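Below is one structure, written out as structure tokens; the observations come after it.
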Amino acid sequence: MELQNTNYFSKKDSCYMKSAIKLAEKGRGKTNPNPMVGTVIVKGNKVISTGYHRQAGLPHAEIEAIKNSIEPLENSTMYVTLEPCTFQGKTPPCTREIIKYNFKEIVIGCIDPNPRVNGKGIKFLKDKGLKIRYGLLKDKIKVQNEVFFKQIKTGIPFVCCKIASSIDGKLATKSSDSRWITSEKSRTGVQKIRREYGCVLTGINTVLNDNPYLLPRRNLNELPKKIVMPSNRIFYRVILDSKLKIKLNSNIVKSAGLTKTIIFTGKDTKPGSIEKIKKLKKCNIDVLKAGTDPVIKKGLDILEILKILHSRYQITSVLLECGPLLATSFLKRGLIDKFIFYLAPKIIGSDSSYSMFKQLGLEKLKDCMKLRFENVKKSGNDIIITAYPLKH
Numbered sequence: 062m063e064l065q066n067t068n069y070f071s072k073k074d075s076c077y078m079k080s081a082i083k084l085a086e087k088g089r090g091k092t093n094p095n096p097m098v099g100t101v102i103v104k105g106n107k108v109i110s111t112g113y114h115r116q117a118g119l120p121h122a123e124i125e126a127i128k129n130s131i132e133p134l135e136n137s138t139m140y141v142t143l144e145p146c147t148f149q150g151k152t153p154p155c156t157r158e159i160i161k162y163n164f165k166e167i168v169i170g171c172i173d174p175n176p177r178v179n180g181k182g183i184k185f186l187k188d189k190g191l192k193i194r195y196g197l198l199k200d201k202i203k204v205q206n207e208v209f210f211k212q213i214k215t216g217i218p219f220v221c222c223k224i225a226s227s228i229d230g231k232l233a234t235k236s237s238d239s240r241w242i243t244s245e246k247s248r249t250g251v252q253k254i255r256r257e258y259g260c261v262l263t264g265i266n267t268v269l270n271d272n273p274y275l276l277p278r279r280n281l282n283e284l285p286k287k288i289v290m291p292s293n294r295i296f297y298r299v300i301l302d303s304k305l306k307i308k309l310n311s312n313i314v315k316s317a318g319l320t321k322t323i324i325f326t327g328k329d330t331k332p333g334s335i336e337k338i339k340k341l342k343k344c345n346i347d348v349l350k351a352g353t354d355p356v357i358k359k360g361l362d363i364l365e366i367l368k369i370l371h372s373r374y375q376i377t378s379v380l381l382e383c384g385p386l387l388a389t390s391f392l393k394r395g396l397i398d399k400f401i402f403y404l405a406p407k408i409i410g411s412d413s414s415y416s417m418f419k420q421l422g423l424e425k426l427k428d429c430m431k432l433r434f435e436n437v438k439k440s441g442n443d444i445i446i447t448a449y450p451l452k453h
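For this note's numbering, add 61 to where a residue sits in the sequence shown, where the first one is 1.
Okay, here's the thing in structure tokens:
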């Protein structure tokens, strides 16, 4: 829904909305498939209540703030990061609750892109006589809810590609030794990131070469006995294995009882694989078939796989932790939304063939993918760069 916005916002408005954004952040990794939302209620230049969406199925931020209020809400102003919802889901529509309390004004950070809302909340509140201003710090809120915005608009999970390399862009030495390029502090930080995403996705080459667990760990040196996720979400591991080469004694299979694992294989899997598939399924592993990648004419169709993850498993975000071949496939198809580079202060040299990406066939600099660096920080002796691809 197209809405004309000519609102003016003061420094105080911005201050209250920043507080609401900070509150919303408390729900990171817990609200999926819902967005993170924060609310601050102000009366007479005093904050009288706050709230945030804690997890899917629990009250939304606006309702939390209304319930938490220490004073009557009449003639107060509500600052909410995302447009209040208008439909009955796991919780009632927030708009119908808001109109009960005679708010003086509602200040909204960003319009909700969900087709079931998308301006309808603003229109409903305006039609009930409330003063509405919206668009305050909307760009910050869109970044905060980048996962929600991507998947609700496209039906495809948000994809973040995490890469750990030497400063010269190598993932391993020429003998394929890659443990450990980055510091323990960086590897510990990755565990937290894993918990924020709907699944970790990798290719069979990584599984065969590194024999990883790909589990979120509290202690890097111990295999967890149980995977505890925020708000009891399921942690998924996704393996792309077109020829079903995975070994039944691999760490992925041996630890499949701890969390849900999904293996995608080709539609032309050999008849001899039927028994292997049965054994994998007994280990709590889903084995699904996907078509061939239509771009490179081999491997699996990663776009089809992303759509299946979203529609069948309600996975809204993917953390891509893989080798250069699969990462390049995602890159070529424009399916990477975000990069997190962990760069170690080590030089490996060109005798290693393990670069971040495989051949991209580029001849001119003007044709290369350009990135926008969002954040650069240190992690021990490593550097972490968060970047986004610039759309052509």
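Glycine is no exception: its CB is placed at the ideal position from the N, C-alpha and C atoms. Since the model is a prediction, treat every value here as computed from it, not as a measurement.
Segment limits, alpha helix (DSSP H) that includes residue i
| i | result |
| --- | --- |
| Asn-312 | 312-315 |
| Ala-126 | 122-129 |
| Pro-385 | 385-393 |
| Arg-373 | 363-374 |
| Asp-200 | 199-205 |
| Val-251 | 245-257 |
| Asp-443 | Per DSSP, Asp-443 belongs to no alpha helix (DSSP H); it is in the beta strand (DSSP E), 443-450. |
Proximity of residue i and residue j at Cβ, strictly below 8 Å
| i | j | result |
| --- | --- | --- |
| Ile-167 | Leu-186 | yes |
| Thr-234 | Ile-409 | yes |
| Ser-110 | Ser-80 | no |
| Thr-322 | Leu-281 | no |
| Val-98 | Tyr-140 | no |
Option nearest residue i by Cα separation, candidates the options
| i | options | result |
| --- | --- | --- |
| Arg-294 | Gly-196, Thr-353 and Arg-115 | Arg-115 |
| Leu-309 | Lys-339, Lys-286 and Leu-281 | Lys-339 |
| Lys-393 | Pro-406, Ile-376, Ser-378 and Pro-450 | Pro-450 |
| Lys-368 | Ile-357, Gly-352 and Cys-383 | Gly-352 |
| Phe-219 | His-371, Val-348 and Gly-422 | His-371 |
| Asp-173 | Ser-414, Pro-285, Pro-145 and Ile-160 | Pro-145 |
| Lys-407 | Arg-177, Gln-212, Gly-230 and Tyr-195 | Gly-230 |
| Leu-284 | Arg-255, Lys-306, Leu-380 and Leu-319 | Leu-319 |
| Lys-189 | Asn-163, Pro-277, Ile-254 and Lys-223 | Asn-163 |
| Cys-383 | Asn-266, Gly-170 and Tyr-403 | Asn-266 |
| Trp-241 | Lys-184, Leu-404 and Lys-211 | Leu-404 |
| Leu-381 | Leu-305, Thr-156 and Lys-399 | Lys-399 |
| Ile-228 | Lys-452, Tyr-415 and Lys-425 | Tyr-415 |
| Lys-452 | Asn-442, Ile-217, Glu-435 and Lys-431 | Lys-431 |
| Leu-301 | Ile-82, Leu-232 and Lys-328 | Lys-328 |
Contact test: residue i Cβ vs the ligand NAD heavy atom, cutoff 7 Å
| i | result |
| --- | --- |
| Ala-351 | This structure simply doesn't include the ligand NAD, nor any ligand for that matter. |
Buried/exposed call for residue i, threshold 16 Cβ in 10 Å
| i | result |
| --- | --- |
| Phe-209 | buried |
| Phe-148 | exposed |
| Cys-429 | exposed |
| Pro-96 | buried |
| Pro-154 | buried |
| Arg-298 | buried |
| Leu-387 | buried |
| Arg-255 | buried |
| Pro-277 | buried |
| Asn-175 | buried |
| Tyr-113 | buried |
| Asn-106 | exposed |
| Glu-424 | exposed |
| Lys-286 | exposed |
| Thr-215 | exposed |
| Cys-76 | exposed |
Euclidean distance between Cα positions of residue i and residue j
| i | j | result |
| --- | --- | --- |
| Pro-355 | Ile-363 | 10 Å |
| Val-314 | Lys-359 | 25 Å |
| Ser-440 | Ala-225 | 12 Å |
| Pro-291 | Gly-259 | 11 Å |
| Ser-334 | Lys-342 | 12 Å |
| Leu-143 | Ala-117 | 15 Å |
| Ile-357 | Asp-412 | 27 Å |
| Lys-87 | Ser-236 | 43 Å |
| Gly-395 | Lys-165 | 45 Å |
| Arg-433 | Lys-161 | 45 Å |
| Arg-89 | Pro-273 | 26 Å |
| Gln-65 | Ser-137 | Its pLDDT being 49, under 50, Gln-65 is placed unreliably by the model, and the measurement read from it follows with that caveat. Approximately 24 Å, taken between the alpha carbons. |
| Lys-192 | Ile-183 | 10 Å |
| Leu-349 | Thr-326 | 6 Å |
| Asn-312 | Leu-269 | 10 Å |
| Asp-443 | Val-437 | 11 Å |
| Glu-123 | Lys-181 | 16 Å |
| Gln-205 | Ala-448 | 14 Å |
| Ser-390 | Leu-275 | 21 Å |
| Ile-82 | Gln-252 | 24 Å |
| Thr-92 | Ile-213 | 14 Å |
| Met-417 | Glu-207 | 24 Å |
Unbroken beta strand (DSSP E) run spanning residue i, endpoints
| i | result |
| --- | --- |
| Cys-260 | 260-264 |
| Gly-216 | No beta strand (DSSP E) contains Gly-216, which DSSP labels as neither H nor E. |
| Tyr-195 | 192-195 |
| Leu-432 | 432-440 |
| Phe-185 | Segment 181-188 is the alpha helix (DSSP H) holding Phe-185; no beta strand (DSSP E) there. |
| Val-348 | 346-351 |
| Ile-338 | Counting along the chain, Ile-338 falls outside any beta strand (DSSP E), though it belongs to the alpha helix (DSSP H) covering 335-343. |
| Lys-107 | 107-113 |
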